[in-house]
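Note sheet for the following structure.
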Amino acid sequence: MEEKNAGHTIAVIKKMLLESIPENGEYIVAYEPRWGIGSGLTPTESEIITAVKTVFDALPNPMPILYGGSVNANNAQRIVSIPYVDGLLIGGASLKSETFLPIIKSIE
265 MEEKNAGHTI
275 AVIKKMLLES
285 IPENGEYIVA
295 YEPRWGIGSG
305 LTPTESEIIT
315 AVKTVFDALP
325 NPMPILYGGS
335 VNANNAQRIV
345 SIPYVDGLLI
355 GGASLKSETF
365 LPIIKSIE
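Quick note, the sequence shown lines up with residues 265 to 372 if you use my numbering.
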């Protein structure tokens, strides 16, 4: 949260990608804002767009990008419609059918 509040989100994304993605090979990238992990806070659509575009632009070659971060039945359809989001990485909501199935149904 300190990185986000200090305006360092984009720099942190680029640094983490450069340190973890080899130039050769095919991968799927899963992005979740560090400040959102376990917080229950969901970024705004604008924040998601900026972050995912940053990930896409920083990749050495095109790779699928999954977005994770407080995905639920109310926001899943909106998130998967964001450019460069190729799918969702669903965390805690996937552990119970009563929370996971509505997410699946919302994007069918």
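Idealized CB from N, CA, C, for every residue including glycine.
All of these numbers come straight from a predicted model, not from anything done at the bench.
Residue nearest to residue i in terms of C-alpha spacing, selected from the options
i    : options                   : result
L330 : V344, H272 and E283       : V344
G356 : I301, I313, E290 and D321 : I301
I367 : P347, Y348, I346 and S334 : S334
V276 : I354, W299, A340 and P286 : W299
Q341 : K369, Y348, T314 and V319 : K369
L323 : N339, S303 and L282       : L282
Pairwise C-alpha distance: residue j and residue i
i    : j    : result
I274 : E311 : 10 Å
L359 : L365 : 10 Å
V316 : T363 : 25 Å
D350 : I285 : 18 Å
K379 : P326 : Outside the shown range of the chain (265 to 372) lies residue 379, about which nothing can therefore be said.
S361 : I371 : 16 Å
L305 : N336 : 12 Å
G391 : G289 : In the structure as shown, the chain starts at 265 and stops at 372, and residue 391 therefore has no counterpart that could be examined.
A270 : P297 : 14 Å
Where residue i falls, given that 16 or more other Cβ within 10 Å makes a residue buried
i    : result
L352 : buried
P292 : Reading off the sequence, residue 292 comes out as Ile, not Pro. Looking at its Cβ environment, which holds fewer than 16 other Cβ atoms inside 10 Å, I292 is exposed.
T318 : buried
P307 : buried
Residue range of the alpha helix (DSSP H) that includes residue i
i    : result
L281 : T273 to S284
Where the beta strand (DSSP E) through residue i begins and ends
i    : result
V293 : V293 to Y295
L365 : Careful: L365 lies outside any beta strand (DSSP E), inside the alpha helix (DSSP H) at S361 to I371.
I329 : I329 to Y331
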